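A short write-up of the structure that comes next.
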Amino acid sequence: MSLPQCVRDLLGDAVLRRVLAAVDAEGADTRVVGGAVRNALLGVPVKDIDCATTAHPRDVMRLARAAGLKAVPTGIEHGTVTVVADGRPFEITTLRRDVETDGRHAEVAFGTDFGEDAQRRDFTINALYLDKSGRIHDFTGGLADIEARRVRFIGDATTRIREDFLRILRFFRFSAEYGAAVLDADGFAACIRERAGLFRLSRERVRAELLRILVARRAAAVVTALSDAGLLSMMTGGVAELGRFARVCGQSEDATLRLLALSVSVAEDADRLRERLRLSNDEHERLSKAAALIAHLHGRPEALDTRTLRRLVVLHGVAAVADALAIVDGEPRPRVEEAARALLASFAKGEEAVPRFPLTGKHVAAAGVPPGPRMGQVLERAKALWLAADCPADKPQLAALLRLAVGEVSGEGGGCADGAPVEILR
Ligand code: ATP
Ligand code: MG
Numbered sequence: 001m002s003l004p005q006c007v008r009d010l011l012g013d014a015v016l017r018r019v020l021a022a023v024d025a026e027g028a029d030t031r032v033v034g035g036a037v038r039n040a041l042l043g044v045p046v047k048d049i050d051c052a053t054t055a056h057p058r059d060v061m062r063l064a065r066a067a068g069l070k071a072v073p074t075g076i077e078h079g080t081v082t083v084v085a086d087g088r089p090f091e092i093t094t095l096r097r098d099v100e101t102d103g104r105h106a107e108v109a110f111g112t113d114f115g116e117d118a119q120r121r122d123f124t125i126n127a128l129y130l131d132k133s134g135r136i137h138d139f140t141g142g143l144a145d146i147e148a149r150r151v152r153f154i155g156d157a158t159t160r161i162r163e164d165f166l167r168i169l170r171f172f173r174f175s176a177e178y179g180a181a182v183l184d185a186d187g188f189a190a191c192i193r194e195r196a197g198l199f200r201l202s203r204e205r206v207r208a209e210l211l212r213i214l215v216a217r218r219a220a221a222v223v224t225a226l227s228d229a230g231l232l233s234m235m236t237g238g239v240a241e242l243g244r245f246a247r248v249c250g251q252s253e254d255a256t257l258r259l260l261a262l263s264v265s266v267a268e269d270a271d272r273l274r275e276r277l278r279l280s281n282d283e284h285e286r287l288s289k290a291a292a293l294i295a296h297l298h299g300r301p302e303a304l305d306t307r308t309l310r311r312l313v314v315l316h317g318v319a320a321v322a323d324a325l326a327i328v329d330g331e332p333r334p335r336v337e338e339a340a341r342a343l344l345a346s347f348a349k350g351e352e353a354v355p356r357f358p359l360t361g362k363h364v365a366a367a368g369v370p371p372g373p374r375m376g377q378v379l380e381r382a383k384a385l386w387l388a389a390d391c392p393a394d395k396p397q398l399a400a401l402l403r404l405a406v407g408e409v410s411g412e413g414g415g416c417a418d419g420a421p422v423e424i425l426r
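Numbering (UniProt numbering), first residue to last: 1 to 426.
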């Protein structure tokens with residue numbers, strides 16, 4: 001087979017060649033394997049480069065150092081040494097075969113047989129070896145599966161899943177990232193049958209894989225499959241908003257926003273996801289803030305105008321409003337007037353500053369209100385009036401608002417600046 005340009009580029013990588021030459025200086029055979037070969041063949045960017053070698057890990061360390069490269073024994077008990085060249089890490093793993101597996105951890109023995117090493121990898125597309133001469137070694141039919149964009153387990157899918165339940169999620173992730181329209185039927189059926197194994201995985205692993213699925217090329221289709229198969233609710237513990245998720249996938253590649261679209265409608269959803277997926281405090285806060293707004297916006301019959309939008313942005317921040325609108329806008333009809341959408345965009349880009357309520361206790365005191373609880377009440381009322389009046393910066397208008405607020409709180413009545421009912425969104 002003639003090598004695609006991307007594979008030639010991979011082998012033309014001078015730093016990689018230096019690493020291979022160093023490890024193979026005494027006759028070992030070191031080959032690129034896994035994601036790098038797969039991605040090069042698929043014509044998608046290669047991230048990090050993993051290699052498999054016949055050299056013993058001890059020798060990998062020694063030979064790399066002898067060539068002036070840094071060698072770190074990152075996982076030396078399972079044969080992995082990270083060689084750093086030109087600031088880039090290369091994971092070099094000695095050929096292995098599994099001796100025993102327990103659903104997550106494998107006991108391994110070092111070997112010298114690439115065919116045997118291939119058998120313990122997960123999918124055929126992940127078990128292609130590229131040697132220094134540019135030959136690709138395929139022991140499992142991976143090249144044909146690359147061609148067909150088929151993510152297929154090596155060997156019997158059920159057996160392979162029982163060895164390591166993380167493979168269930170890797171099956172969906174690689175299918176979403178690289179697969180064709182249809183999931184491999186055997187693999188899919190085995191994942192469904194073995195789904196209880198998901199509960200044996202750490203939440204951090206589930207989180208990492210799920211978030212990668214959510215941002216993958218075919219996220220919408222694969223997440224629908226996960227949901228239909230009952231696996232998604234095992235991970236999120238809630239219902240899935242698949243239509244909303246598909247719509248947001250067309251608009252944004254932000255993983256947290258996609259998670260929001262898929263799984264959050266009310267604040268409790270954000271709390272549950274924090275537990276289930278070990279979300280960070282920042283992620284949880286982002287989901288919670290958006291959830292409160294989503295619930296509020298769902299109850300509004302009319303589309304948002306610029307005044308309401310400005311008020312929401314002042315009270316909740318640009319990011320939370322943008323998140324919530326990404327979720328509800330278009331569901332099932334537009335929820336935002338064109339002008340309001342443009343205003344949000346200029347806030348987000350920083351072209352327009354978010355208004356800040358300009359009055360303070362000093363102004364209230366100058367209006368004759370003595371220090372005490374009434375001062376806070378006046379300020380709160382003045383802020384509501386200011387928001388209802390579309391956040392004016394004009395001094396006479398502010399003075400009028402303040403007078404009105406003082407009058408109202410002192411029981412002298414009076415309505416809103418513009419006669420509209422005033423309510424403060426919390
Ligand atoms: P990416 O880095 O994009 O996630 P990758 O294929 O490089 O893709 P890694 O997790 O970096 O994936 O693993 C490197 C290789 O190690 C895989 O291509 C596969 O051959 C093997 N591998 C990784 N995890 C497993 C696993 N759980 N079971 C079997 N083989 C695995
Ligand atoms: Mg990798």
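All C-beta atoms in this analysis are idealised placements derived from N, C-alpha and C, irrespective of residue type, glycine included.
Remember, it's a predicted structure, so these values are computed and weren't measured experimentally.
Is there contact between the region 80 to 98 and the region 48 to 66, where contact requires at least three CB pairs shorter than 8 angstroms? yes
Relative to the C-alpha of Ala-127, which residue among Phe-139, Ser-133 and Arg-135 is closest? The count along the sequence shown starts at 1 and reaches residue 127 at position 127. Ranking Phe-139, Ser-133 and Arg-135 by Cα distance to Ala-127 puts Phe-139 first.
Say yes only if the C-beta of Leu-166 is nearer than 8 angstroms to one or more non-hydrogen atoms of ligand 1, and no if none qualify. What you label residue 166 is simply residue 166 of the sequence shown in a count that begins at 1. Yes, the beta carbon of Leu-166 sits closer than 8 angstroms to at least one heavy atom of ligand 1.
Where does Glu-147 sit, in a helix, a strand or coil, going by DSSP? The residue you call residue 147 lines up with position 147 of the sequence shown. It is helical.
Suppose the cutoff is 6 angstroms on Cβ atoms and the five residues either side in sequence are ignored; what does the same chain contact list for Leu-387 look like? For this step, residue 387 is matched to residue 387 along the sequence shown. Taken in chain order, the residues that qualify are Arg-311.
Rounded to the nearest angstrom, how far is the Cβ of Ala-291 from that of Ser-265, given a contact under 8 angstroms? The residue labelled residue 291 in the question sits at position 291 within the sequence shown. The residue labelled residue 265 in the question sits at position 265 within the sequence shown. Ala-291 to Ser-265, Cβ: 7 angstroms. Contact.
Between the beta-carbon of residue 432 and the beta-carbon of Arg-193, is there less than 9 angstroms? Residue 432 lies beyond the stretch modelled for the chain, which goes from 1 to 426, so this question has no answer here.
Looking at ligand 1, does it come within less than 8 angstroms of Val-33, judged from the CB to the closest heavy atom? Translated into the one-based positions of the sequence shown, residue 33 becomes position 33. Val-33 Cβ: within cutoff of ligand 1.
Can you check whether the CB of Leu-325 is closer than 9 angstroms to the CB of Arg-341? As a position in the sequence shown, residue 341 is number 341, starting the count at 1. As a position in the sequence shown, residue 325 is number 325, starting the count at 1. Going by C-beta atoms, Arg-341 is nearer than 9 angstroms to Leu-325.
Nonlocal neighbours in the same chain, by C-beta distance under 6 angstroms from Asp-131, ignoring five residues either side: As a position in the sequence shown, residue 131 is number 131, starting the count at 1. So the qualifying residues of the chain are Arg-31.
With 16 other CB atoms within 10 Å as the buried threshold, where does Lys-289 fall? Position 289 of the sequence shown, counted from the first residue, corresponds to residue 289. Buried.
Which listed residue (Gly-350, Leu-309, Gly-361 and Val-364) has its alpha carbon closest to that of Glu-337: As a position in the sequence shown, residue 337 is number 337, starting the count at 1. For Glu-337, the nearest C-alpha among the options comes from Leu-309.
First through last residue of the beta strand (DSSP E) which encompasses Thr-53: Taking the first residue of the sequence shown as position 1, residue 53 is located at position 53. Here the beta strand (DSSP E) through Thr-53 covers 49 to 53.
I need the straight-line Cα distance from Val-15 to Asp-86, nearest angstrom please. The residue you call residue 15 lines up with position 15 of the sequence shown. The residue you call residue 86 lines up with position 86 of the sequence shown. Spanning the two alpha carbons is a distance of roughly 7 angstroms.
Helix, strand or coil for Asp-164 per DSSP? For the purposes of this step, residue 164 is identified with residue 164 of the sequence shown, where counting begins at 1. In this structure, Asp-164 counts as strand in the three-state DSSP scheme.
Residue(s) in a DSSP beta bridge with Leu-304: Here the question's residue 304 lines up with position 304 in the sequence shown. BP columns for Leu-304 point to Val-336.
Given 8 angstroms as the limit, tell me if Ala-123 has its C-beta closer than that to any heavy atom belonging to ligand 1. Locating residue 123 in the sequence shown gives position 123, where the first residue counts as 1. The sequence as given places Phe at residue 123; Ala does not occur at that position. For ligand 1, at least one heavy atom lies less than 8 angstroms from the Cβ of Phe-123.
Expressed to the nearest angstrom, what Euclidean distance is found between the alpha-carbon atoms of Gly-115 and Arg-247? Indexing the sequence shown from 1 puts residue 115 at position 115. Indexing the sequence shown from 1 puts residue 247 at position 247. When rounded, the distance between both Cα atoms is 44 angstroms.
Can you list, in chain order, the residues of its chain whose CB lies under 7 angstroms from that of Glu-283, leaving out five sequence neighbours each side? On the sequence shown, position 283 is the one that residue 283 refers to. For Glu-283, where only same-chain residues beyond five positions count, the Cβ hits under 7 angstroms are Thr-256.
Please classify Gly-411 as buried or exposed, where buried requires at least 16 other C-beta atoms within 10 Å of its C-beta. Counting from 1 along the sequence shown, the entry for residue 411 is found at position 411. Looking at its Cβ environment, which holds fewer than 16 other Cβ atoms inside 10 Å, Gly-411 is exposed.
Where does Arg-341 sit, in a helix, a strand or coil, going by DSSP? Locating residue 341 in the sequence shown gives position 341, counting from the first residue. Reduced to three states, the DSSP call for Arg-341 is helix.
Locate the beta strand (DSSP E) running through Pro-57, then write down its first and last residues. The residue you call residue 57 lines up with position 57 of the sequence shown. Here Pro-57 belongs to no beta strand (DSSP E); instead the alpha helix (DSSP H) covers 57 to 66.
Since Met-235 contacts Val-206 with CB under 8 angstroms, what's their CB separation in whole angstroms? Residue mapping note: residue 235 aligns to position 235 of the sequence shown, counting from 1. Residue mapping note: residue 206 aligns to position 206 of the sequence shown, counting from 1. Their Cβ separation, rounded to whole angstroms, is 5 angstroms, which keeps Met-235 and Val-206 in contact under 8 angstroms.
How about Asn-39: is its Cβ closer than 8 angstroms to a heavy atom in ligand 1? On the sequence shown, residue 39 is found 39 positions in, with the first residue counted as 1. Yes.
Pair within 9 angstroms by beta-carbon distance, Arg-17 and Leu-11: For this step, residue 17 is matched to residue 17 along the sequence shown. For this step, residue 11 is matched to residue 11 along the sequence shown. Yes.
Ligand 1 and Lys-47: does any heavy atom of the ligand fall closer than 8 angstroms to the residue's C-beta? Residue mapping note: residue 47 aligns to position 47 of the sequence shown, counting from 1. Lys-47: yes, Cβ under 8 angstroms from ligand 1.
Between the Cα of Glu-77 and the Cα atoms of Leu-231, Leu-211 and Pro-57, which residue gives the shortest distance? Residue 77 sits at position 77 when you count from the first residue of the sequence shown. Checking every option, the nearest Cα to that of Glu-77 belongs to Pro-57.
In terms of DSSP beta bridges, what is Phe-153 paired with? Within the sequence shown, the letter at position 153 stands for residue 153. Note: Phe-153 sits in a beta bridge opposite Phe-123.
Cβ-Cβ distance between Leu-210 and Leu-169 below 9 angstroms: Within the sequence shown, the letter at position 210 stands for residue 210. Within the sequence shown, the letter at position 169 stands for residue 169. Yes. Within cutoff.
State the DSSP-derived secondary structure class of His-137, mapped to helix, strand or coil. Locating residue 137 in the sequence shown gives position 137, where the first residue counts as 1. Strand.
My guess is that Asp-145 and Ile-125 are in contact by the Cβ rule of under 8 angstroms, so how many angstroms apart are they, rounded? Within the sequence shown, the letter at position 145 stands for residue 145. Within the sequence shown, the letter at position 125 stands for residue 125. Sure, about 5 angstroms apart at Cβ, within 8 angstroms.
Determine the direct distance from the alpha carbon of Ser-227 to that of Ala-240, and round the result to whole angstroms. In the sequence shown, the residue the question calls residue 240 occupies position 240. In the sequence shown, the residue the question calls residue 227 occupies position 227. Using only the alpha carbons, I get a separation of about 7 angstroms.
State the Cα-Cα distance for the pair Met-375 and Ala-208, rounded to the nearest angstrom. Residue 375 sits at position 375 when you count from the first residue of the sequence shown. Residue 208 sits at position 208 when you count from the first residue of the sequence shown. So the two alpha carbons sit approximately 49 angstroms from each other.
Unbroken alpha helix (DSSP H) run spanning Arg-38, endpoints: Stepping through the sequence shown from its first residue, residue 38 is reached at position 38. That run of the alpha helix (DSSP H) goes 35 to 42.
Glu-408 (DSSP reduced to helix, strand or coil): The sequence position of residue 408 within the sequence shown is 408, counting from 1. DSSP places Glu-408 in helix when its eight states are reduced to three.
Rounded to a whole number of angstroms, what is the C-alpha to C-alpha distance between Pro-358 and Ala-393? Stepping through the sequence shown from its first residue, residue 358 is reached at position 358. Stepping through the sequence shown from its first residue, residue 393 is reached at position 393. Pro-358 and Ala-393: Cα-Cα distance of roughly 8 angstroms.
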